[in-house]
Amino acid sequence: MGKLPKSAASHVMVATLLYVPYFGAVRVMKSPSAWHLELLPEGVELTDDGGAGLLCLLQEEIPDEMLWRGTPFQCKVWRELCKIPIGTTVSYLQIAQRIGSPRAVRAVANAVGANPFPLIIPCHRVIRSSGGIGGYYYGISLKEALLRWEAEQQCQ
Numbered sequence: 001m002g003k004l005p006k007s008a009a010s011h012v013m014v015a016t017l018l019y020v021p022y023f024g025a026v027r028v029m030k031s032p033s034a035w036h037l038e039l040l041p042e043g044v045e046l047t048d049d050g051g052a053g054l055l056c057l058l059q060e061e062i063p064d065e066m067l068w069r070g071t072p073f074q075c076k077v078w079r080e081l082c083k084i085p086i087g088t089t090v091s092y093l094q095i096a097q098r099i100g101s102p103r104a105v106r107a108v109a110n111a112v113g114a115n116p117f118p119l120i121i122p123c124h125r126v127i128r129s130s131g132g133i134g135g136y137y138y139g140i141s142l143k144e145a146l147l148r149w150e151a152e153q154q155c156q
């Protein structure tokens, strides 16, 4: 693993760094005011292939300072999304059940769609109860590619 250069350590578009090696340059944030994260956590390392290490690091918990844009319900959903293991998927219904709101499937879907930090808050891991891939802000083909790529990663 190689450390991220210090020159890139602050105000980095982390999700862009992760997308570029695999899927080309895509705009990952929905508005210019959301483009930059405050800082990368100290000690964050990217693997030589550009992403699996950071995905492993961030999959379990998201810093509170990244959730300032959401309602309490959205933040609850986004925190639950961070618990989905890399290489797996869950349904909108399962997320609703896990957060104690089993009848709020549509609200969960809306919260998933409002995610300000794709990849870091892994909304691409949520699919329909039927097993269908569902929607994705950046397109179904990118969602499918992300899920395939993650299924191949081994987080230690």
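According to UniProt numbering, the residues represented by the sequence shown are 1 to 156, in order.
Note that CB positions come from ideal geometry on N, CA and C, so glycine has one too.
Which residues does DSSP pair with Pro118 in a beta bridge? For Pro118, which the question treats as bridged, DSSP gives the partners Ile121.
Limits of the unbroken alpha helix (DSSP H) element including Ser141: Counting along the chain, the alpha helix (DSSP H) containing Ser141 begins and ends at Ile140 to Glu152.
Given a cut-off of 7 Å, decide if Gly135 and Arg128 are closer than it, judged by their beta-carbon atoms. With a cutoff of 7 Å on beta-carbon distance, Arg128 and Gly135 are scored as not near each other.
Quick check: what's the CA-CA separation for Tyr137 versus Pro116? Rounded to whole angstroms, Tyr137 to Pro116 spans 11 Å at the Cα level.
Whole angstroms are fine: how far does the CA of Leu119 sit from the CA of Ala151? Distance from the CA atom of Ala151 to the CA atom of Leu119, rounded to whole angstroms, is 14 Å.
In angstroms, rounded to a whole number, what distance separates the CA positions of Arg148 and Ser141? So the alpha carbons of these two residues sit roughly 11 Å apart.
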